[in-house]
Amino acid sequence: MKKMLIYWKVPLLLCCLAVVLEFFVFNFRHWESYLWRDEHVLMQEWLVGPGLRQIEPTLYEVTEAEGEETATIELLNINRELHNIHVGLKIENPSTPQDEAVNIQLKVTDGANQKYFRLPERDILYRVPKSEYIRLQLSGPTEEVQLIINAEQGDRIRIYDVSGNVPVPFTCSAVRLAAVMLLLLAAWFLRPSSPVHRRLYVECGWKGRLLVAVILCANILAAGYVERQNLQAIDTEQNQLNTRQYQMLAHSLAEGKTWLMVEPDEMLKSLSNPYDYRLRSMTLEPAGVSYLWDAAYYNGRYYVYFGIVPELLFFLPYYLATGNDLSVLPVLQISGAFFMAGVFALLGAAVRRWFRKTPFTVWLLFSFLTANACGVWSFFRNPTFYNVPILCALAFGVWGLWFWMKALEPERVSRWKMAAGSLLLALTAGCRPQLVLVSVLAVPLFWSAVREGRLLKDRKAADVVSFCLPFLLVAAGLMYYNQIRFGSVFDFGAAYNLTLQDMRQRKMEAGRTVFGYFTTLFQPPVITGVFPYFEQVSVRSQYYGQSIIETGFGGVMAVNLILFASLAVFRLKKLVGGGSVYAFSCMLTGLALLLAFIDFQIGGLIPRYTVDYTWLFFLAAAPVVFGSLEKVSGTKYWKTGYGIFLALSAQSAIFHFLTVFTDVYEKIEYLNPVWFYRAEHLIEFWL
């Protein structure tokens, strides 16, 4: 009874602590503002700059040209110490929700500065009240303040309040309160000395499975929520043809055609080399001629070179059934759900097979990390059709490996499970062709079964057919599809895409190798002091040839430090356990390095391509993590070993959580400023 009381007392106290933090610590600016009660309205004496035209007493129109910095309001004769300032304004005529933020900057004087000095810029949003309150750290009394409004010409700004030394409103956030409660409870239950680590994964039972189901459901709901915050991606999918290639292909296939029913302009057809980006741009753009960006152009027709399997699985059936186009958002959410569930299942099968003494908490944390830190959240924050084939391939890949691993029964090999695994892995070729290389993992997985006589002994033909037939059937379908489009069974059409380079001429060059591996694996992230604390890295090289580069946030090893374990696996045979698990882990690392090489040589340095192989690095690191923690479990080294694992997991999780609020193409603060700044002010409660 006493143990049960302690068991419930600590979580209850932690929940009370979360409430105390929310009411007092996270609202300390509110309590601090009680120190100054002498509210002073600053707009008693003020001058309007020439860049603002007054329409009503509180409504102004911006007339300045960009860069003039004349849309100002100068507040005079304040003559008192300012602790904070409230700037209440909003744009009356925003063209889109993305235009609601008003960027301002303050220039002030104080006891140490008789002339104006600048303070940092601030974005004010009417729908984010906390953004209107700015805590000032000045020296002595202020005499004058100049408010600079950085807005577009023609914007109408309503200024409904500018006042100083004002009480900051009390705000209680249910989201922040719940998040802090969950973090405190997780920290308590997952601490190194927690008794929950005594429960092994193989003993988890229905309670463990229920917990995993809850985590997965929360993950997928969060992914769907994040998807819908990128307002520009949603609008682009609805209004731009080049982002609707899967939907257009559904229309074509329904009519019995493999090409898109969009006729290329005659000027494009007349070009001597339509794949030359500069020739294409210099010829077509002055004439106002458009073309389908990133489509495969071949023999006067547009084709989709992205994998056909997502089309046959999602877009075409939906179009045939409803007559409407399917958005990529639910496709990414469904594919992401299957991938994440597959990661938990695959690592669970690995633990049951090779690491049966692994604690349930270690498996749970590493599975959660693998599912979320391999880069898939970049797909959710920027939901475009480019991500569909990659995420589908990952889902097929993890479930294919799971079926193969489950096929290895003690007495024999289950042929139907082996065939199911082969089918799923074969389908990766119809999504992301290079990921079919994952199938080589059959060698370390099935080698022991062959050697022990459980496979290819009594019924060799049945075993061979079960393994090979799914690959042959899928290959036959893909080869036929390639042949009728491009005249070659091996031509998927990627070389004919209309993008930045003539891909028909692109070759593998040794000069890209060191630069490519450094950028994709080891490039350190750029950390700043401004939310969300990570900026795009500056990619530089001395490769004197054409490169296709999109800047990211750092190499996958540098932002997931735990992945260095995958590179160390070659020297840790005893720790991992040797045999098939060692061969499996080494081949995973080699395969990830090979896929990285193929991607940056053929496709370029594109951040989304890193998702192709990051999950393989995580799988390769799993035996090192499970093996090492299994060996120190119950010893004096447990707290140290588990503490290191916990710290590395937290580092990776924090990075991927924060980068949800930015993007390599355009920052979320511009795409959905309300969501971005609400998150910023919830996290940076001291602003």
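Following my numbering, the numbering of the sequence shown begins with 5 at its first residue and continues without gaps.
For every residue, glycine included, the Cβ atom is placed at its ideal position computed from N, Cα and C.
1. Please list the terminal residues of the continuous beta strand (DSSP E) segment that includes Gln-118.
2. For Gln-527, which of helix, strand or coil comes out of DSSP?
3. To which residues of the same chain is Thr-593 closer than 8 Å at the C-beta, ignoring the five residues directly before and after it?
4. Thinking just about the alpha-carbon of each residue, which of Ala-480, Ala-479 and Asp-495 is nearest to the one in Asn-486?
5. Inspect the beta-carbon positions of Trp-358 and Ser-584 and report whether they are closer than 9 Å.
6. By the DSSP assignment, the beta strand (DSSP E) with Tyr-164 in it spans what residues?
7. Residue range of the beta strand (DSSP E) that Lys-94 falls in?
8. Can you name, in chain order, every residue of its own chain whose Cβ lies under 7 Å from the Cβ of Thr-113, other than the five neighbours on each side?
9. Tell whether a beta-carbon distance below 9 Å holds between Asp-165 and Val-66.
10. Identify every run of the alpha helix (DSSP H) within the region 154-242, keeping only runs that are complete inside it and at least 4 residues long; order them along the chain.
11. Taking all protein chains shown into account, do 16 or more other C-beta atoms lie within 10 angstroms of the C-beta of Lys-211, making it buried, or fewer, making it exposed?
12. Can you tell which of Phe-389, Ile-152 and Leu-445 has the C-alpha that lies nearest to the C-alpha of Gly-71?
13. Apart from the five residues on each side of it in sequence, which residues of its chain come closer than 6 Å, Cβ to Cβ, to Tyr-322?
14. CB-CB under 6 Å to Ser-37, same chain, minus the five flanking residues each way: which ones, in chain order?
15. Quick one, are the C-beta atoms of Val-366 and His-201 less than 9 Å apart?
16. Determine the burial state of Asn-328: buried for a count of at least 16 other Cβ atoms within 10 Å of its Cβ, exposed for fewer.
17. Can the beta-carbon of Pro-387 be found less than 9 Å from the beta-carbon of Glu-231?
18. Mind pulling the alpha helix (DSSP H) runs of 4 or more residues that sit fully within the region 20-52?
19. With DSSP as the reference, identify every bridge partner of Ile-77, one or two as the case may be.
20. Do Gly-425 and Trp-406 have their CB atoms nearer than 9 Å?
21. When you compare each of Leu-194, Glu-125, Pro-290 and Phe-526 to Gly-647 by their alpha carbons, which one comes out closest?
22. In terms of alpha-carbon separation, which member of Thr-287, Leu-650 and Arg-122 lies closest to Leu-275?
23. For Val-266 and Asp-603, what's the separation of their Cα atoms in angstroms?
24. Here's the rule I'm using: 16 or more other beta-carbon atoms within 10 Å means buried, otherwise exposed. How should Val-258 be labelled?
25. Does the structure place the region 128-135 close enough to the region 46-63 that three or more beta carbon pairs sit under 8 Å?
26. Cα-Cα, which of Cys-590, Lys-511 and Val-442 is closest to Ser-551?
27. Helix, strand or coil for Pro-363 per DSSP?
28. Is the distance from the Cβ of Phe-695 to the Cβ of Phe-557 below 9 Å?
29. Identify every residue that forms a DSSP beta bridge with Val-469.
30. So, are the CB atoms of His-87 and Thr-175 less than 9 Å apart?
31. Taking Arg-612 and Tyr-390 to be in contact with their CB atoms under 8 Å, please state how far apart those CB atoms are, rounded to whole angstroms.
32. What separation, rounded to the nearest whole angstrom, lies between the Cα atoms of Phe-535 and Val-392?
33. Locate the beta strand (DSSP E) running through Leu-63, then write down its first and last residues.
34. For the beta strand (DSSP E) containing Ala-300, list its first residue and its last residue.
35. Roughly how many angstroms separate the alpha carbons of Glu-104 and Arg-203, rounded to a whole number?
36. With a Cβ-Cβ cutoff of 9 Å, do Thr-555 and Val-543 count as a contact?
Looking at the atomic coordinates:
1. 117-122 is the extent of the beta strand (DSSP E) around Gln-118.
2. Per DSSP, reduced to three states, the secondary structure at Gln-527 is coil, with no helix or strand assignment.
3. Hits under 8 Å: Ser-570, Leu-571, Val-573, Phe-574, Leu-620, Phe-621 and Ala-624.
4. That would be Asp-495, whose Cα lies nearest to the Cα of Asn-486.
5. Yes, they are a contact pair.
6. It spans 160-168 - the beta strand (DSSP E) in which Tyr-164 sits, taken as one unbroken run.
7. For Lys-94, the enclosing beta strand (DSSP E) begins and ends at 88-95.
8. Excluding sequence neighbours, Thr-113 sits near Lys-119, Tyr-120, Thr-146, Glu-147 and Glu-148.
9. No, the Cβ-Cβ distance between Asp-165 and Val-66 is not below 9 Å.
10. Within the region 154-242, the complete alpha helix (DSSP H) runs of at least 4 residues are 178-193 and 209-231.
11. Exposed, because fewer than 16 other Cβ atoms sit within 10 Å of the Cβ of Lys-211.
12. The candidate whose alpha carbon is nearest that of Gly-71 is Ile-152.
13. Here Tyr-322 has Leu-330 as same chain residues with Cβ atoms under 6 Å from its own Cβ, once five neighbours each way along the sequence are excluded.
14. Around Ser-37: Pro-171 and Val-172.
15. Going by C-beta atoms, Val-366 is nearer than 9 Å to His-201.
16. Exposed, since its Cβ has fewer than 16 Cβ neighbours within 10 Å.
17. Annotated as proximal: Pro-387 and Glu-231, with beta-carbon spacing under 9 Å.
18. With a minimum length of 4 residues, the continuous alpha helix (DSSP H) runs that stay inside the region 20-52 are 32-36.
19. Val-52 and Leu-151.
20. Their beta carbons are under 9 Å apart, which means Gly-425 touches Trp-406 by this criterion.
21. Minimum Cα distance to Gly-647 is reached at Leu-194.
22. Comparing Cα positions, the closest option is Thr-287.
23. The straight-line gap from Cα to Cα measures roughly 30 Å.
24. For clarity, residue 258 is Ala in the given sequence; the question names Val instead. With fewer than 16 Cβ atoms within 10 Å of its Cβ, Ala-258 is classed as exposed.
25. Inter-segment contact for the region 46-63 and the region 128-135 is absent: fewer than three beta-carbon pairs are separated by less than 8 Å.
26. It is Lys-511.
27. In this structure, Pro-363 counts as strand in the three-state DSSP scheme.
28. With the chain covering 5 to 691 only, the question about residue 695 has no answer from this structure.
29. In the DSSP secondary-structure assignment, Val-469 is not bridged to any residue.
30. Not closer than 9 Å, so no.
31. Indeed, because the Cβ distance is near 6 Å, the residues count as touching under 8 Å.
32. Phe-535 and Val-392: Cα-Cα distance of roughly 29 Å.
33. Taken as a continuous stretch (DSSP letters only), the beta strand (DSSP E) holding Leu-63 covers 63-66.
34. Residues 300-302.
35. Spanning the alpha carbons of Glu-104 and Arg-203 requires a straight line of approximately 51 Å.
36. Yes, Cβ-Cβ distance for Thr-555 and Val-543 is below 9 Å.
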